[in-house]
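J.: Let me begin by handing over the structure; questions about it come next.
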Amino acid sequence: MHKIDIELVEMTLDVMKYTIDRISSTANKIGKPQKEEALKALVGETITNEGIGGEVAFNLWKKHLMHANVPLDHPRNLAFVPASPTRAAIMFDLVTSASSIHGAYWMEGAGGIFCENEAMRWMVSLTGLPEGAFGVFTSGGTAANLSAIVTAREYWRSINEDNKYKKGLIITSIGAHSSVKAMAKVADIDVLLVDTEDKLEAIELQQTINNLTGLQRERLFAVVGTGGTTNAGIIDDLSGIGQICKTEKLWFHIDAAYGGGALVADSVRYLFNGIETADSITIDPHKWMFSPYDCGAVIYKNPELAKQAHTQEGSYLDIFKDEGAVGFNPSDYQIQLTRRVRGLPLWFSLAMHGVNRYKEAVERGLELAQIAGKLIEEMPHVELVRDPSLSCVLYRRIGWKPEDYTHWTYENHKKGFALVTPTKWKTGASFETVSRFCFINPDTTENDIQMILESMI
Ligand SMILES: *Cc1c(COP(=O)(O)O)cnc(C)c1O
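Residue numbering for the sequence shown follows numbering that gives the first Met the number 0, starting at 0 and increasing by one per position.
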């Protein structure tokens, strides 16, 4: 065998061994970040003219760099929205890379896109959107929200010539995710925030619309509701908002990046009633659908409108017209051209495990939130700020100030025990610092929760 081939085989085996170890280990460390200078001191020069060699570079990764990450799939990582990719999906993520599929066009990626679309059809079925609705996988919820907002804005401009000269306006609530506001900036659209972090009720939305000036009303083209706020798991009054959007002729986007996974759970599906009235929906499979990073999705009631907003024209893109080459082009429905077929790992995992396993895993996350709620009620040193909603639990340690929460978070993290971060909850005009759990990983145990709560005594 040629020398380079031996190296390649050894490298492949090393990488496979690492991967297998990583995904089969039950004792992964929670990890913690280090300053850039500290990492540099540990690894030295890595990019050189001659190369440092695969073995050396991989060893630097294994010995130092991988430990400077805080993996979100640790069972006691309950901060942010954690992750819990299935092993099947992780393994197929490797297959996705190895297959080198350009996922922009059917012409180049038919096999991969076919699989993505199988998974997408299932996701669309969860929403109850009418026949014809379809979607596409994106890099995440941010890109999905941007793709949807731009589609809505372009549609609004297409129905009235005057709108081309107006700056668009959307309404959402302060419970909406930061990416909605950030992406509105990207699209140069103003955002009006209804002042509630709790469930956005139809009546509040209607009042906000009624209070707009004439010019504002002309600029208003969309409402963004949330299907599970990131901070507290709250689902807006989706049917009520949908009804208003219909009457007022406004685009209705639902950001269910985090909560969308719960559509599969029979026990809470009713909370999403009205989602079927949306014009577009964001769901992140890398959150509660157990996909590896990164995998978001945007679904449209009428995908043609997305196509009008996002199709890229280029004369060099226009050559293949034979039957096999003509099909669904993911690049037509979101902001990216060249893209990874990032829905492929989800497809494999769904195909392998079946929908019922997904149901059980999501139900377990919901159940863990209920278990945590019960433990908190039983323990004298902590109390619930509000009832658990989806898999989020907000609670306070009685008597603690903001700095006590920070100190506790640091201590637990330093010990490698858990990562639970404080958040703020708005009541009336004031913000209170509280503690927050978000459950995604079905491997988190009641004992994990109990230990974390006891560490607050
Ligand atoms: C996480 C989240 C986003 C952002 O998604 P990314 O995948 O991080 O880009 C948007 N909206 C909500 C409700 C989220 O929870």
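Quick reminder that beta carbons are idealized off the backbone N, C-alpha and C, glycines included. Every value quoted in this text rests on a predicted model; they were computed, and no experiment measured them.
#1: Between His412, Met90 and Arg395, which lies nearest to Phe430 when the distance is taken from Cα to Cα?
#2: Could you name the residues of the same chain whose beta carbon sits closer than 7 angstroms to that of Val223, not counting the 5 residues immediately before and after it, in chain order?
#3: Taking contact to mean 3 or more Cβ pairs, one atom from each stretch, closer than 8 angstroms, check whether the stretch 387 to 403 and the stretch 433 to 446 are in contact.
#4: Which one of Lys373, Phe136 and His412 has the shortest CA to CA distance from Glu445?
#5: Taking 7 angstroms as the cut-off, is the beta-carbon of Asn144 closer than that to any non-hydrogen atom of ligand 1?
#6: Out of Asn58, Trp105 and Val361, which has the shortest C-alpha to C-alpha gap to Gly326?
#7: Between the Cα of Leu452 and the Cα atoms of Glu376, Ala428 and Phe57, which residue gives the shortest distance?
#8: Can you grab the Cα-Cα spacing for the pair Glu153 / Gly295, in whole Å?
#9: What does the alpha-carbon distance come out to for the pair Ala40 and Gly139?
#10: Checking 8 angstroms against the spacing of the C-beta atoms, do Ile19 and Thr126 come in under that value?
#11: Counting C-beta neighbours from all protein chains within 10 Å, is the total for Pro32 16 or more, i.e. buried, or is it exposed?
#12: Look up Phe460 in the DSSP assignment and say whether it is helix, strand or coil.
#13: Please tell me whether Leu128 and Glu9 are closer than 8 angstroms, where the distance is taken between their beta carbons.
#14: Whole-angstrom Cβ separation of Pro70 and Gly30, contact assumed at under 8 angstroms?
#15: How long is the line joining the alpha carbons of Asn209 and Glu247, rounded to whole angstroms?
#16: Starting from Phe57 and walking both ways along the beta strand (DSSP E), at which residues does that stretch end?
#17: Consult DSSP for His285 and reduce its assignment to one of helix, strand or coil.
#18: Which residues mark the beginning and the end of the beta strand (DSSP E) in which Tyr404 is found?
#19: Indicate whether at least one CB of chain D lies closer than 8 angstroms to the CB of Ile243.
#20: Check for me: the alpha helix (DSSP H) holding Ile202 runs from which residue to which?
#21: What's the C-alpha gap between Ser124 and Val80?
#22: Bridge partners for Leu393 per DSSP, in chain order?
#23: Name the two residues that bound the continuous alpha helix (DSSP H) containing Ala141.
#24: Of the residues Ile5, Leu191, Ala88 and Glu130, which one's Cα is nearest the Cα of Pro291?
#25: What separation, rounded to the nearest whole angstrom, lies between the Cα atoms of Lys414 and Leu191?
#26: Using DSSP with H/G/I as helix, E/B as strand and the rest coil, what is Thr246?
T.: Short version:
#1: Arg395
#2: Ile169, Thr171, Ala175, Val179, His252 and Asp254
#3: yes
#4: Lys373
#5: yes
#6: Trp105
#7: Glu376
#8: 22 angstroms
#9: 33 angstroms
#10: no
#11: exposed
#12: What the structure shows of the chain is the stretch from 0 to 456, and residue 460 is not part of that stretch, so it cannot be assessed.
#13: no
#14: 6 angstroms
#15: 11 angstroms
#16: Where Phe57 is concerned, there is no enclosing beta strand (DSSP E), although the alpha helix (DSSP H) it sits in stretches over Gly53 to Lys62.
#17: helix
#18: Premise fails: Tyr404 lies in the alpha helix (DSSP H), Pro401 to Lys413, not in any beta strand (DSSP E).
#19: No chain D appears in this structure, which consists of one protein chain only.
#20: Ala201 to Asn209
#21: 24 angstroms
#22: Arg435
#23: The question names Ala, but residue 141 is Thr in the sequence shown. Note, Thr141: alpha helix (DSSP H), Gly140 to Ile158.
#24: Ala88
#25: 43 angstroms
#26: helix
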